[in-house]
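Structure, as structure tokens:
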Amino acid sequence: MTLSWTVTNEGTGDTLESRWFDRIYMSSDSVLDGSDLLLGEQNRNGVLAVGESYTATREVTLPIGVSGDFFFIVETDAGLQVFEQAFDGNNTGFDAAPTTINLTPPPDLEVEFIDAPSEATASRPFSIDYRVTNFGATPTPNSSWRDRFYLSTDEELDTATDFFLGHRNHFGALDIGQSYDATATFTLPNTFTGDFFVFMVTDSGNNVLS
0 MTLSWTVTNE GTGDTLESRW FDRIYMSSDS VLDGSDLLLG EQNRNGVLAV
50 GESYTATREV TLPIGVSGDF FFIVETDAGL QVFEQAFDGN NTGFDAAPTT
100 INLTPPPDLE VEFIDAPSEA TASRPFSIDY RVTNFGATPT PNSSWRDRFY
150 LSTDEELDTA TDFFLGHRNH FGALDIGQSY DATATFTLPN TFTGDFFVFM
200 VTDSGNNVLS
């Protein structure tokens, strides 16, 4: 998103300093405070004479998963480098009307298939093949997440009570429609017997907004 703002020296003298920086914030209201999100900084080089102005432009990246009406607040000379005597209190500005931000269509990670052996032996390793696909409308903003595997005595996954086999980390973002195939190998406890269903949870930590 591109933001532009204009700063004017409305004082009675030129700035003594020739370098300072402006900060851009995103806020749910028009009051700048510690809860507002800093989007970026823009350096200013050059003395600003009485009545003179400059216009700055900056590309900013909006946070993921945020929607609603927000104000973009610019604080000029955010580091208080320019001596203004008692006139530092008017160094912030914002549009009179807020900007409506809509959610970006999210990615959607799904386990496309999981292939486990029909039989396995306690205390010996066995392997699970699987594929995860991004069926969403946008690429994943994350480049890593964790896939977890469970054994259950029924067809309902309950991560609180089902047996946790282990996890595998995935590294690399997924574009729209892109997949990754992987194999996870685990060793069953030597006391394990019976019939079990294998479950997999991709992005188990919900790191990817979807």
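By the count of numbering that gives the first Met the number 0, the sequence shown reaches residue 209 at its end, each step adding exactly one. No residue lacks a Cβ here, since even glycine has one placed at the ideal position from N, Cα and C. Small disclaimer: the values here were computed from a predicted structure and weren't measured.
Asked                                                                                                                    : Found
Under DSSP, the beta strand (DSSP E) around P124 begins and ends at which residues?                                      : 124-133
Could you pull the DSSP bridge partners for S208 from this structure?                                                    : The amino acid occupying residue 208 in the given sequence is Leu; Ser does not appear at that position. L208 pairs with nothing; no bridge assigned.
Could you tell me whether the Cβ atoms of T75 and S3 are closer together than 8 Å?                                       : no
For the stretch 166-175 against the stretch 144-154, are there 3 or more C-beta pairs whose distance is under 8 Å?       : yes
Tell me whether D21 is buried or exposed, calling it buried when 16 or more other Cβ atoms sit within 10 Å of its Cβ.    : buried
Out of G135, S27, V207, A77, point me to the one whose CA is closest to D68's CA.                                        : S27
So is V30 buried or exposed if we call it buried at 16+ other beta carbons inside 10 Å?                                  : exposed
Cβ of R130 within 8 Å of Cβ of T186?                                                                                     : no
The beta strand (DSSP E) spanning G165 covers which residue range?                                                       : 162-170
Strictly by DSSP, which residues pair up with Q41?                                                                       : D21
Who are the Cβ neighbours of S52 in its own chain at under 6 Å, not counting the five residues just before and after it? : T5, T7
Determine the direct distance from the alpha carbon of T91 to that of A48, and round the result to whole angstroms.      : 19 Å
Which residue wins for smallest C-alpha separation from Y24, given the options S66, I72, M0, T11?                        : I72
Rounded to whole angstroms, how far is the Cβ of L102 from the Cβ of N133, which I believe are closer than 8 Å?          : Their Cβ separation, rounded to whole angstroms, is 17 Å, which puts L102 and N133 out of contact at 8 Å.
Nearest to A181 by alpha carbon, out of M0, R18, E111, T60?                                                              : E111
Given this structure, state the Cα-to-Cα distance separating G171 from P104, to the nearest angstrom.                    : 20 Å
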